[in-house]
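Chemist:
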DNA sequence: TCAAGATTTGCAAGCGCTTGCAAAATGAGA
DNA sequence: TCTCATTTTGCAAGCGCTTGCAAATCTTGA
């Protein structure tokens, strides 16, 4: 009696559906898997499934068919807005594909990623998304060798080809700097990201090239090494502002750094953008919520997540698809934190 | 030949281990599951497992044994630091328990949660953690009825008992207000959270009680309804600051709101805490990184995640354990955003 | 040393599904 | 209308594991 509660379609299997639809259980399976089944039977099966409230048992499908309909997502941390945005994109795409998401964070131990990779690829997931992976070399080789579907998000710097999705960091650095130059700035400070990462290096390179192209010499004292985090950016901004000839604009390598710089500026009683313009990078949700709203180089984070997921699925479906690196375009988002340098700021 | 690559311990099953250890496959299974096995055999099996690089197939275990060693985590959004922190706690605890985490975000569709719950509880996960669930009533009943292990994190307001972990929101509101009063503030503005949530109401109630206990009348004009988000808090702070008698301190119902208020204050050229003190709630990582560093009521978010996970496991292991609500203590974290009101601010 | 109980072990069945194979049903061409 | 090629269908096996049951082994006390 406790069995067939309408609230709990507990134990309904393909056999139940088959009986109800008056077909064999393999026909039900074929309907589920979209194999050739005559239209009328398919109808009957579908109806029976919904009437009974059938829900496939993923474990069983996976065990029998070798597909789990789960993909793994490896990130460092969830508390960083940046990761959250990417995860959001992944999640959206997955929902559309009827896949589930297994989440792993690795912020604790260093070697953890490797262990997870082994675990996951063994079974459990059909593919792996690695967001900004650290010491990836150790397991990337394994993944490739096993021909296990995987895509890196926002990663650069491995010497061999690896499927990945990123943004046009160099171009973003270039465009941002160019924008500042067009506004009339000549002394443009730059707070770098964590320079062990390719994206940080590319952004800096874009900045330098834009200056050069505009005939402005690259001044190393205007470049301060940050780490993508707020406290260090705060320090950097102070260093830049303490310069004998402080910059009239500061280009931070990510939004979080920009926030740090904004605080430093305001702590000194200076105004944004009146005294100093601030330009960020990322366009995390918060950047539109601060005051003044942050002008920034938009990295389509959620879309990167989505694109990476799609790419992953091409590998899941055709393991021999060529290794691709997709770069999504960055874009300048003008808000309120930049303006032409004022006479006083130039003084 | 491609088979037994040392890099890819692909198809090693308990049968392989059994052969290697010269025992029956069920003995291997028993070793894995910590059932009684004689010490020497257990030794042999363990050795064989590590030599062969055996990794259990979770799908199979789950299918056969009814346990998946996965728990589900349902959150709205990942981009909010708050959720990330809780997830971190969950994740840490899970890692220790050798469990995996299936992540579901529900920020898109409203009714999505219900659908997920059905899906998940069908098989797939052994338990469910629901963080700040919205229209929980719809499926909470189902979960309870099926006796499916679940714990809510930071939730209140359902009329029947439900296993949950939260923080002492009322006390936090009380303590924060008390602290401000002790500093000498009399006109203390309050920016509420989303008042549909129990935690927001409790914090407000704590604030009111603290005022009352101190003999300070509760002034409704000093209370402005926010929604836990930065833009609305910015607006609220401006409303409060526009008052004929503006507050000398503002207590925001979460850190994000506090950031919004800080911006509003600074946009007016006022200083924190010189002109206005700011007190937050949550103690998200960012609150220590802003300037001045935010004094706030710490909610042990990660620990709430950990505790909820532990509680969930008691239900997984003993389905009849009594329904508990655990409240973790909040704590005042003094940083730099509050001070005694100055003569000028009182003017 | 032996019997009786306690423990450990092995076998087989089965979890819910996919899929190769062969049989049945269908369609086309003559 | 009948045959042959084609599609659809059903059966059985098996994915890797857990677990009840009965047989084998060990332990203990007399």
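Protein chains in written order, with the working numbering: chain A, 89 to 435; chain L, 89 to 435. The beta carbon of each residue, even a glycine, is placed where N, CA and C say it ideally should be.
(1) Could you pull the start and end residues of the alpha helix (DSSP H) that residue 178(L) belongs to?
(2) Which whole-angstrom value describes the C-beta separation of residue 169(A) and residue 167(L), a residue pair presumed to lie in contact below a C-beta threshold of 8 Å?
(3) Nearest to residue 174(L) by CA position, among 219(L), 213(L), 212(L) and 187(L), is which residue?
(4) I'd like the list of long-range same chain contacts for residue 93(A), defined as Cβ closer than 7 Å, with 5 residues on each side in sequence excluded.
(5) Report yes if the C-beta distance between residue 344(L) and residue 353(L) is below 8 Å; otherwise report no.
(6) Alpha carbon to alpha carbon, how far is residue 261(L) from residue 290(L)? Give it in angstroms, no decimals.
(7) Counting only Cβ pairs nearer than 8 Å, list the residues of chain L close to residue 318(A).
(8) Output the boundary residues of the alpha helix (DSSP H) element that contains residue 419(A).
(9) Counting Cβ pairs closer than 8 Å, one from the segment 290-299 of chain L and one from the segment 317-324 of chain L, do we hit at least three?
(10) In chain A, which residues lie less than 9 Å from residue 340(L) when you measure between Cβ atoms?
(11) I need the boundaries of the beta strand (DSSP E) containing residue 415(L), first residue and last residue.
(12) Please report the straight-line C-alpha distance between residue 347(L) and residue 183(L), rounded to a whole angstrom.
(13) Determine the direct distance from the alpha carbon of residue 251(L) to that of residue 100(A), and round the result to whole angstroms.
(14) Of the residues that make up the segment 165-177 of chain L, which ones have a beta carbon closer than 8 Å to any beta carbon in chain A?
(15) What three-state label does DSSP hand residue 393(A) in the structure shown?
(16) Let's see if you can read the secondary structure: which residues bound the alpha helix (DSSP H) around residue 113(L)?
(17) Within the segment 351-383 of chain L, note down every full beta strand (DSSP E) run reaching 3 residues or more, in order along the chain.
(18) Give a yes or no on whether the C-beta atoms belonging to residue 263(A) and residue 385(A) are separated by under 8 Å.
(19) Within the continuous beta strand (DSSP E) that includes residue 337(L), where are the two ends?
(20) Spatial neighbours of residue 259(L) within its chain, please: CB distance less than 8 Å, with the 5 preceding and 5 following residues excluded, ordered by chain position.
(21) Please report the straight-line C-alpha distance between residue 102(A) and residue 202(L), rounded to a whole angstrom.
(22) Give the residues from the segment 146-161 of chain L that approach chain A closer than 8 Å (Cβ to any Cβ), ordered along the chain.
(23) Have a look at 107(L), 372(L), 125(L) and 161(L) and flag the residue whose alpha-carbon is nearest the alpha-carbon of residue 381(L).
(24) Under 8 Å between the Cβ atoms of residue 157(L) and residue 186(L)?
(25) Under the rule that 16 or more other beta-carbon atoms within 10 Å means buried, what is residue 422(L), buried or exposed?
(26) Are the C-beta of residue 218(A) and some C-beta of chain L separated by less than 8 Å?
(27) Under the three-state reduction of DSSP, which class applies to residue 188(L): helix, strand or coil?
(28) According to a CB-to-CB cut-off of less than 7 Å, which residues of the segment 274-300 of chain A neighbour chain L?
(29) Could you pull the DSSP bridge partners for residue 386(L) from this structure?
(30) Of all the residues that make up the segment 302-327 of chain A, which are near chain L by a beta-carbon distance shorter than 7 Å?
(31) If we count the other Cβ atoms within 10 Å of its Cβ and call it buried at 16 or more, is residue 351(L) buried or exposed?
(32) Mind checking the segment 348-366 of chain L against chain A and listing, in chain order, the residues whose C-beta falls within less than 8 Å of any C-beta there?
(33) Between which residues of its own chain and residue 398(L) is the CB-CB distance below 7 Å, once the five residues before and five after are set aside?
(34) Buried or exposed for residue 109(L), please, with buried defined as at least 16 other CB atoms from any protein chain shown within 10 angstroms of its CB.
(35) Under three-state DSSP, which class holds residue 160(A)?
(36) Can you pull out the residues from the segment 121-138 of chain L whose beta carbon lies closer than 9 Å to at least one beta carbon of chain A?
Modeler: Based on what the coordinates show:
(1) 169-185
(2) 5 Å
(3) 219(L)
(4) Residue confidence is low: residue 93(A) scores 32 on pLDDT, short of 50, so the model does not pin down where it sits. Its coordinate-derived value is still stated next. Answer for residue 93(A): no residue qualifies.
(5) no
(6) 7 Å
(7) 374, 377 and 378
(8) Segment 419-421 is the beta strand (DSSP E) holding residue 419(A); no alpha helix (DSSP H) there.
(9) no
(10) The premise fails here: residue 340(L) is roughly 14 Å from chain A at the closest Cβ pair, so nothing lies under 9 Å.
(11) 413-416
(12) 33 Å
(13) 28 Å
(14) 165, 166, 167, 168, 169, 171, 172, 173, 175 and 176
(15) helix
(16) 113-120
(17) 365-370
(18) yes
(19) 337-340
(20) 294, 417 and 418
(21) 23 Å
(22) 146, 147, 148, 150, 151, 156, 158 and 161
(23) 372(L)
(24) yes
(25) exposed
(26) no
(27) strand
(28) none
(29) 370(L) and 419(L)
(30) 318, 319 and 322
(31) buried
(32) 348, 351, 352, 354 and 355
(33) 181
(34) buried
(35) strand
(36) none
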